[in-house]
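A short write-up of the structure that comes next.
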Amino acid sequence: MTALPDIHPPKARPRRRRSSLTPWLFLAPGLLMFAVYVLIPIFQSVWVSFHDWDGLGPMKWIGLANYSELWWDDAFYTSLKNNVLWLALYLLAVPLGLLIAVFLNQTVKGIRIYKSLFFFPFVISQVVVGLIFSWFYAPGFGLFYVLIEWLSGTGVAILADERYVTYGIIAAGLWPQIAYCMILYLTGLNAVAPDQIEAARLDGAKGWRMLWHVVLPQLRPATFIAVVVTVIGALRSFDLVSIMTSGGPFGSSRVLSYYMYEQALSEYGYRMGYGAAIAVVLFAIMMIFITGFIWKMWRDERGL
Amino acid sequence: MFPRPIQTMSPAFQRGYKIALPIMLILWLLPLLGVALTSLRPSGDLAAGNYFGMPSRIAFENYVDVFRNSPIAQYLLNSFRITIPTVIGAVGLSCLTGYALAVYKFRLSLVVFFMFVAGNFVPFQILMVPVRDLTVNMGLYNTVTGLALFHIAFQTGFCTLFMRNFIKALPRELIEAARVEGVNEWQIFWHIVLPLVRPAIAALSVLVFTFIWNDYFWAMVLTTGAETQPITAGLNSLNGQWVAAWHLVSAGSILAAMPPVLMFFLMQRHFIAGLTLGAVK
Numbered sequence: 001m002t003a004l005p006d007i008h009p010p011k012a013r014p015r016r017r018r019s020s021l022t023p024w025l026f027l028a029p030g031l032l033m034f035a036v037y038v039l040i041p042i043f044q045s046v047w048v049s050f051h052d053w054d055g056l057g058p059m060k061w062i063g064l065a066n067y068s069e070l071w072w073d074d075a076f077y078t079s080l081k082n083n084v085l086w087l088a089l090y091l092l093a094v095p096l097g098l099l100i101a102v103f104l105n106q107t108v109k110g111i112r113i114y115k116s117l118f119f120f121p122f123v124i125s126q127v128v129v130g131l132i133f134s135w136f137y138a139p140g141f142g143l144f145y146v147l148i149e150w151l152s153g154t155g156v157a158i159l160a161d162e163r164y165v166t167y168g169i170i171a172a173g174l175w176p177q178i179a180y181c182m183i184l185y186l187t188g189l190n191a192v193a194p195d196q197i198e199a200a201r202l203d204g205a206k207g208w209r210m211l212w213h214v215v216l217p218q219l220r221p222a223t224f225i226a227v228v229v230t231v232i233g234a235l236r237s238f239d240l241v242s243i244m245t246s247g248g249p250f251g252s253s254r255v256l257s258y259y260m261y262e263q264a265l266s267e268y269g270y271r272m273g274y275g276a277a278i279a280v281v282l283f284a285i286m287m288i289f290i291t292g293f294i295w296k297m298w299r300d301e302r303g304l
Numbered sequence: 001m002f003p004r005p006i007q008t009m010s011p012a013f014q015r016g017y018k019i020a021l022p023i024m025l026i027l028w029l030l031p032l033l034g035v036a037l038t039s040l041r042p043s044g045d046l047a048a049g050n051y052f053g054m055p056s057r058i059a060f061e062n063y064v065d066v067f068r069n070s071p072i073a074q075y076l077l078n079s080f081r082i083t084i085p086t087v088i089g090a091v092g093l094s095c096l097t098g099y100a101l102a103v104y105k106f107r108l109s110l111v112v113f114f115m116f117v118a119g120n121f122v123p124f125q126i127l128m129v130p131v132r133d134l135t136v137n138m139g140l141y142n143t144v145t146g147l148a149l150f151h152i153a154f155q156t157g158f159c160t161l162f163m164r165n166f167i168k169a170l171p172r173e174l175i176e177a178a179r180v181e182g183v184n185e186w187q188i189f190w191h192i193v194l195p196l197v198r199p200a201i202a203a204l205s206v207l208v209f210t211f212i213w214n215d216y217f218w219a220m221v222l223t224t225g226a227e228t229q230p231i232t233a234g235l236n237s238l239n240g241q242w243v244a245a246w247h248l249v250s251a252g253s254i255l256a257a258m259p260p261v262l263m264f265f266l267m268q269r270h271f272i273a274g275l276t277l278g279a280v281k
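Note that the protein sequences, when read in sequence, are chains E and A.
Residues 1 to 304 (our numbering) are what the first sequence spells out, left to right.
Residues 1 to 281 (our numbering) are what the second sequence spells out, left to right.
The structure is reproduced here in structure tokens:
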């Protein structure tokens, strides 16, 4: 791309020129769209975060004022705390998905149908999952509410109780995420080398030891993807919070992604600059993970 | 095979497994079954407190009601109008980008590739303000086109990742041989590579269809009215109107879930190949 002096003899030039331009021609339309809608907006958001802006009028430069406001904002810390909770609990989807995959990895009649039906929750939209779980938790007649009432004598309105609301939403999020991890592991288990399993079995390995020392190392690629999609999914959680509680009660179930949306496009007025500052913080947190993932993928790519 | 095949276990264990399977499945899908049942319950049952017993009759009229008294047909139509162009656009663009990144060796190829991969992981919120502003300035705010354009661009990241890895795994000799024959680059792409990536196109199409159909965030950010909103955002506003009318909410939810579910069952193999990013075979 840089204008380095061409040291190649003139004769070889036309062919080389053409072949170095060709990939860029193929890339152009996709790269252009991606740059306009994804890459450039990241920098624009950082720029907007240093301004006071209602989305319509002129932008006013206020330096780091949005960030210093964030520093003293209790709602921001509630959201941040909930994001940490999401991340930690969401990762349970990985071992639980493995558990179900191991349970289903048999060849009995109709097992294919069972596998598909276990995967079902992942296919449906999070909006629908949110509505399903709202019904599940609904005070008075929700299945979960009635169950708790029957076990303990008093029902708990999960989504109206500051103590439990985030856990209730995370449980709803785990449902499809476990299904996703399960399918990754089911495909992975299919590819596990049978001779190694047999050899280990002859050596007397079984159960947990077999799983830990022989099977799991072979499932590495599946585990990597499962962790990547789960971490990204946890930090992206928005739909369920929006559908199930709108961040309530009293903002106790907000996460950063929802709080950002609320600030930038709320009915109380558009605070684009403040919203962008929240987004930048969320982006910075995600960049830690993204960098790690990319670094690993980059190494694998080089190793090939 | 891990775990040990059930056939090598005692008959009692085998019987136990076969009983456990359906019980686990019912427990796993319990919330969904509850909603499906509620969607077929007459509203009278709910008023009388009959939430879990047998419905007094099967009430298909809930579905009729949903269609008659809400713009749900329009929402569903909008979803198709957003989803189908996105699938075509994103898969089409990524065939080109994937080919460029897999076949040519150039200095920035890995950098460009990882830019697509990384962009695919960023939080939506970091894009929200500028993308909304851009869409408003283009006069495409609250239009199906505005929403679809963004989706095409964003999904190109994921599709490029998948397509590039798929094309990279094709035998290189095919392309080299054609080059020796003097076939030009575009013809190599069109006549040799494109027919070979059909499975990848199928996998990506099903997957992108599901992702976009289920998108909620961008629908909330870029559209507002019933003329343009897809079913996910529509369901959110209907949920606000139908406070506690759970028979209607359930029927609407089931309708919204139907297209991706059908897609999944029809194209299961492709779907799973796509989800595992082709990394786990």
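All residues carry an ideal CB built from backbone N, CA and C; glycine is no exception.
Does the Cβ of residue i have 16 or more other Cβ atoms within 10 Å, making it buried, or fewer, making it exposed?
| i | result |
| --- | --- |
| residue 77(E) | exposed |
| residue 84(E) | exposed |
| residue 1(A) | exposed |
| residue 113(A) | buried |
| residue 147(E) | exposed |
| residue 96(A) | buried |
| residue 291(E) | exposed |
| residue 34(A) | buried |
| residue 264(A) | buried |
| residue 64(A) | exposed |
| residue 194(E) | exposed |
| residue 247(A) | buried |
| residue 28(A) | buried |
| residue 5(E) | Low local confidence applies: a pLDDT of 45 at residue 5(E) is under 50, so the model's placement there is unreliable, with the coordinate-based value given in what follows. So residue 5(E) ends up on the exposed side. |
Just how far apart, CA to CA, sit residue i and residue j?
| i | j | result |
| --- | --- | --- |
| residue 240(A) | residue 145(E) | 22 Å |
| residue 86(E) | residue 234(E) | 6 Å |
| residue 139(E) | residue 175(E) | 21 Å |
| residue 92(A) | residue 107(E) | 38 Å |
| residue 25(A) | residue 98(E) | 16 Å |
| residue 177(A) | residue 218(E) | 36 Å |
| residue 141(E) | residue 52(A) | 9 Å |
| residue 124(A) | residue 253(A) | 24 Å |
| residue 146(A) | residue 140(A) | 5 Å |
| residue 134(E) | residue 238(A) | 15 Å |
| residue 286(E) | residue 204(E) | 43 Å |
| residue 57(A) | residue 76(A) | 28 Å |
| residue 121(E) | residue 183(A) | 48 Å |
| residue 161(A) | residue 149(A) | 19 Å |
| residue 9(A) | residue 197(A) | 43 Å |
| residue 221(E) | residue 170(A) | 21 Å |
| residue 57(E) | residue 44(E) | 17 Å |
| residue 102(E) | residue 79(E) | 35 Å |
| residue 46(E) | residue 4(A) | 54 Å |
| residue 99(A) | residue 192(A) | 11 Å |
| residue 136(A) | residue 166(E) | 34 Å |
| residue 153(A) | residue 6(A) | 47 Å |
| residue 2(E) | residue 107(A) | Caution applies to residue 2(E), whose pLDDT of 40 falls short of 50 and renders its modelled position unreliable; the value that the coordinates give is listed next. Taking the straight line joining both Cα atoms gives about 11 Å. |
| residue 259(A) | residue 87(A) | 14 Å |
| residue 236(A) | residue 209(A) | 20 Å |
Can you pull the chain A residues whose beta carbon is under 7 Å from the beta carbon of residue i, in chain order?
| i | result |
| --- | --- |
| residue 215(E) | 2 |
| residue 153(E) | Here the premise fails: no neighbours, minimum Cβ distance about 19 Å. |
Could you tell me which residues DSSP puts in a beta bridge with residue i?
| i | result |
| --- | --- |
| residue 266(E) | 269(E) |
| residue 61(E) | 51(E) |
Identify the contact partners of residue i in chain E, using a Cβ-Cβ distance below 8 Å as the criterion.
| i | result |
| --- | --- |
| residue 199(A) | Result: empty, since nearest Cβ-Cβ is about 15 Å, beyond 8 Å. |
| residue 63(A) | In chain order: nothing, as chain E lies at least about 15 Å away. |
| residue 308(A) | Chain A is shown only over 1 to 281; residue 308(A) falls outside these bounds and no answer can be derived. |
List, in chain order, every chain E residue whose beta-carbon is nearer than 7 Å to that of residue i.
| i | result |
| --- | --- |
| residue 157(A) | 34 and 38 |
| residue 100(A) | 23, 26 and 27 |
| residue 150(A) | 37 |
Shorter than 6 Å, the distance from the beta carbon of residue i to the closest heavy atom of the ligand NAP, or not?
| i | result |
| --- | --- |
| residue 150(A) | Because no ligand of any kind appears in the structure shown, any question about the ligand NAP cannot be addressed here. |
Whose Cβ in chain A lies nearer than 9 Å to the Cβ of residue i?
| i | result |
| --- | --- |
| residue 143(E) | 30, 31, 34, 51 and 52 |
Which residues, in order along the stretch 227-241 of chain E, keep a beta-carbon less than 7 Å from a beta-carbon of chain A?
232, 235, 236, 238 and 239
Can you list, in chain order, the residues of the stretch 205-229 of chain A whose Cβ is nearer than 9 Å to any Cβ on chain E?
210, 213, 214, 215, 216, 217, 220 and 221
To be precise: take each residue of the stretch 251-266 of chain E, compare its Cβ to all Cβ atoms of chain A, and keep it if any distance is under 8 Å. Which residues remain?
256, 257, 260, 261, 264 and 265
At a Cβ cut of 9 Å, what residues of the stretch 273-301 of chain E count as close to chain A, listed as they run along the chain?
273, 275, 276, 278, 279, 280, 282, 283, 285, 286, 287, 289, 290, 291, 293, 294, 297, 298 and 301
Which of the residues in the stretch 67-91 of chain A, read from start to end, lie with their CB under 8 Å from any CB of chain E?
none
Output needed in chain order: residues of the stretch 179-198 of chain A with a Cβ under 7 Å from some Cβ in chain E.
185
Just by C-beta distance, which residues in the stretch 2-22 of chain A are closer than 9 Å to chain E?
2, 3, 4, 5, 6, 7, 14, 17, 18, 20, 21 and 22
Which residues of the stretch 240-255 of chain A have a Cβ closer than 9 Å to any Cβ of chain E? Give them in chain order.
244, 246, 249, 250, 252, 253 and 254
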